[in-house]
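Enquirer:
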Ligand SMILES: Nc1ncnc2c1ncn2[C@@H]1O[C@H](COP(=O)(O)OP(=O)(O)O)[C@@H](O)[C@H]1O
Ligand SMILES: [Mg+2]
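As structure tokens, then:
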């Protein structure tokens, strides 16, 4: 059974007078399996948040179906199975980070002691221990995002639906978010995430779908979509010039085109992390 299943979802928003305005979703079908990280990519207004709101029962589709672990959105079983991080997390400004998580824990049915323990564990997990006693209204967007993620983790659901989880996070925060998502996958959770930034999802998703105007443009595993089957890359170490020249000559002798042969560039992200002392050293 799919963890998340959408079948031919359509949704049109109407204005105040009931006139049709925006076709937000136009026959969207897709499914996410347990242990899979699925990225929904698309420009602003392509229907990502609408899809997620339908998945958690905040919106009803005009036609089509959604199911979470086989349950209709909004039912108790579906709600228990789902952790939802909305696009804009709504936090109570007068509570501290720790109080926020204890409250969410109590709402999720944890005992006072368990809620307190889980709150501290999760603050540590999302890197907010230093700000545990601070009121949420002084938090930056990135800190609010981290706290939102911690509250989604509280109930230990099977399915995570995260709307733009990396928005507002600094590069290090985004890397930590991706590590956390990878951890969820390793635990067999299904993770559905959205982003309007392509690079954000590249090394975290198993499958991606491109949405535009509420329609699916294409869908597939990153392997299917991105693997270049027309060339082969060989990396050698150390980059000994004479040996490389000989390898190139051998390739030509074998009738191959040498398309490129150079020292590879690191990504800006990898460089930034190494400057912060968080990644592999140059
Ligand atoms: N409550 C609403 N009322 C009217 N139009 C809406 C509403 N919510 C979303 N829309 C419209 O539906 C389209 C899809 O929006 P959304 O799902 O939020 O896109 P995304 O999350 O991909 O940026 C947009 O054109 C948006 O303006
Ligand atoms: Mg959105």
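In the numbering used here, the protein residues as written are 1 to 282.
No residue lacks a Cβ here, since even glycine has one placed at the ideal position from N, Cα and C.
Inspect the CB distances between the region 51-63 and the region 72-81 and report whether three or more fall short of 8 Å.
Expert: Touching, yes, given that three or more Cβ pairs across the two stretches are closer than 8 Å.
Enquirer: Which residue marks the beginning of the beta strand (DSSP E) containing residue 83, and which one marks its end?
Expert: The residue given as residue 83 occupies position 83 in the chain shown. Residues 82-85.
Enquirer: For the 8 Å Cβ check, are there 3 or more pairs between the region 37-50 and the region 225-241?
Expert: No, they do not touch.
Enquirer: Within its chain, find whatever has a CB closer than 6 Å to the CB of residue 146; leave out the 5 residues flanking it on each side and keep chain order.
Expert: Working through the chain shown from its first residue, we reach residue 146 at position 146. Result list for residue 146: 126 and 128, in chain order.
Enquirer: My guess is that residue 220 and residue 26 are in contact by the Cβ rule of under 8 Å, so how many angstroms apart are they, rounded?
Expert: Taking the first residue of the chain shown as 1, we reach residue 220 at position 220. Taking the first residue of the chain shown as 1, we reach residue 26 at position 26. No, residue 220 and residue 26 are not in contact; Cβ-Cβ is about 20 Å, not under 8 Å.
Enquirer: Which residues does DSSP list as the beta-bridge partners of residue 23?
Expert: Against the chain shown, residue 23 aligns to sequence position 23. Looking at the DSSP assignment, residue 23 forms a beta bridge with 12.
Enquirer: Just to confirm my understanding: we take residue 132, look at its own chain, exclude 5 residues before and 5 after, and list those with CB closer than 6 Å. What are they?
Expert: If you number the chain shown from 1, residue 132 lands on position 132. These residues qualify, in order along the chain: 97, 98 and 123.
Enquirer: Residue 175 and residue 165: beta carbons closer than 8 Å?
Expert: The count along the chain shown starts at 1 and reaches residue 175 at position 175. The count along the chain shown starts at 1 and reaches residue 165 at position 165. No, the pair does not count as a contact, with Cβ atoms beyond the cut-off.
Enquirer: Contact check, residue 83 vs residue 32 under 8 Å by CB: the rounded distance?
Expert: Here residue 83 corresponds to residue number 83 of the chain shown, with the count starting at 1. Here residue 32 corresponds to residue number 32 of the chain shown, with the count starting at 1. Not really, about 14 Å apart at Cβ, beyond 8 Å.
Enquirer: Any chance the region 103-110 sits against the region 174-194, with 3 or more Cβ pairs inside 8 Å?
Expert: Because the criterion of three Cβ pairs below 8 Å is not met, the region 103-110 and the region 174-194 do not touch.
Enquirer: Nearest to residue 69 by CA position, among 190, 250, 199 and 249, is which residue?
Expert: Looking up residue 69 in the chain shown gives position 69. Looking at the Cα atoms, 190 is the closest of the given residues.
Enquirer: Say whether chain D places a C-beta atom closer than 8 Å to the C-beta of residue 202.
Expert: Among the protein chains of the structure shown there is no chain D, as only one such chain exists.
Enquirer: Rounded to a whole number of angstroms, what is the C-alpha to C-alpha distance between residue 276 and residue 92?
Expert: Here residue 276 refers to the residue found at position 276 when the chain shown is read from its first residue. Here residue 92 refers to the residue found at position 92 when the chain shown is read from its first residue. Using only the alpha carbons, I get a separation of about 33 Å.
Enquirer: Between residue 88 and ligand 2, is there a pair consisting of the residue's CB and a ligand heavy atom that are separated by less than 7 Å?
Expert: Here residue 88 refers to the residue found at position 88 when the chain shown is read from its first residue. No, ligand 2 has no heavy atom inside 7 Å of this Cβ.
Enquirer: Are there any heavy atoms of ligand 2 lying less than 7 Å away from the beta-carbon of residue 48, as far as the coordinates show?
Expert: Walking along the chain shown from the start, residue 48 turns up at place 48. Checking every heavy atom of ligand 2 against the Cβ of residue 48, one is found closer than 7 Å.
Enquirer: When burial is assigned at 16 or more other CB atoms within 10 Å of the CB, is residue 160 buried or exposed?
Expert: Position 160 of the chain shown, counted from the first residue, corresponds to residue 160. Residue 160 comes out buried.
Enquirer: Report the three-state DSSP secondary structure of residue 259 (helix, strand or coil).
Expert: On the chain shown, position 259 is the one that residue 259 refers to. Looking at residue 259 - three-state DSSP - the assignment turns out to be coil, as it is neither helix nor strand.
Enquirer: With a threshold of 7 Å on Cβ separation, who are the neighbours of residue 168 within its own chain once the five nearest residues in sequence on each side are excluded?
Expert: Indexing the chain shown from 1 puts residue 168 at position 168. For residue 168, where only same-chain residues beyond five positions count, the Cβ hits under 7 Å are 141, 142 and 145.
Enquirer: According to DSSP, simplified to helix, strand and coil, what is residue 33?
Expert: As a working mapping, residue 33 is identified with position 33 in the chain shown. Note: residue 33 maps to coil in three-state DSSP.
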